[in-house]
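Numbering (the working numbering), first residue to last: 6 to 135.
These notes concern the structure reproduced below.
See below:
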């Protein structure tokens, strides 16, 4: 019985040793993974901060052009007839050269109507029953 007991004791000792080494290996792997993830997060934050700072500078440079474009867009109704006629003529002319007179006339009328709707809004579109 002492022989079985000693064999069982040595098996327990070897199993404990295996469990200890497995646990220590798992702890080491978790530590390495955590340090790698921390390093990756730090580099990602650095890149993100660099990108945001460059984007902020770009935004400050573009801001005057955006304001000017917004002012021009608000004054679009002042140039409405020119915009509608110019769009109709350009689109109609290009389609006429490629497809023929009838297709060009239809495309010019359709693009002029669409430009009118975009310039003045659909609510101000003329109807017969007003």
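Just so you know, even glycine gets a beta-carbon here, dropped at the ideal spot from N, CA and C.
Quiz item: Counting Cβ pairs, one atom from each stretch, are 3 or more of them under 8 Å apart for the region 102-110 and the region 72-92?
Solution: The region 102-110, when compared against the region 72-92, does not touch it at the 8 Å Cβ threshold.
Practice problem: Note down, in chain order, each residue of its chain lying with its Cβ closer than 6 Å to the Cβ of residue 100, except the 5 sequence neighbours on either side. | Solution: So the list reads 108, 109 and 112, once near-sequence residues are dropped.
Quiz item: Which residue comes first and which comes last in the alpha helix (DSSP H) that contains residue 82?
Solution: Note, residue 82: premise wrong, no alpha helix (DSSP H); not H, not E.
Self-check item: Residue burial classification, residue 84 (beta-carbon count within 10 angstroms, cutoff 16)
Solution: A residue is called buried when at least 16 other Cβ atoms come within 10 angstroms of its Cβ; residue 84 does not meet this threshold and is exposed.
Quiz item: Leaving out the 5 sequence neighbours to the left and right, which residues in its chain are closer than 8 Å to residue 90 when beta-carbon positions are compared?
Solution: Excluding sequence positions up to five before and after residue 90, its CB lies within less than 8 Å of the CB of 117, all in the same chain and listed in chain order.
Exercise. Report the residue from 28, 36, 92 and 43 whose alpha carbon sits nearest the alpha carbon of residue 120.
Key: 92
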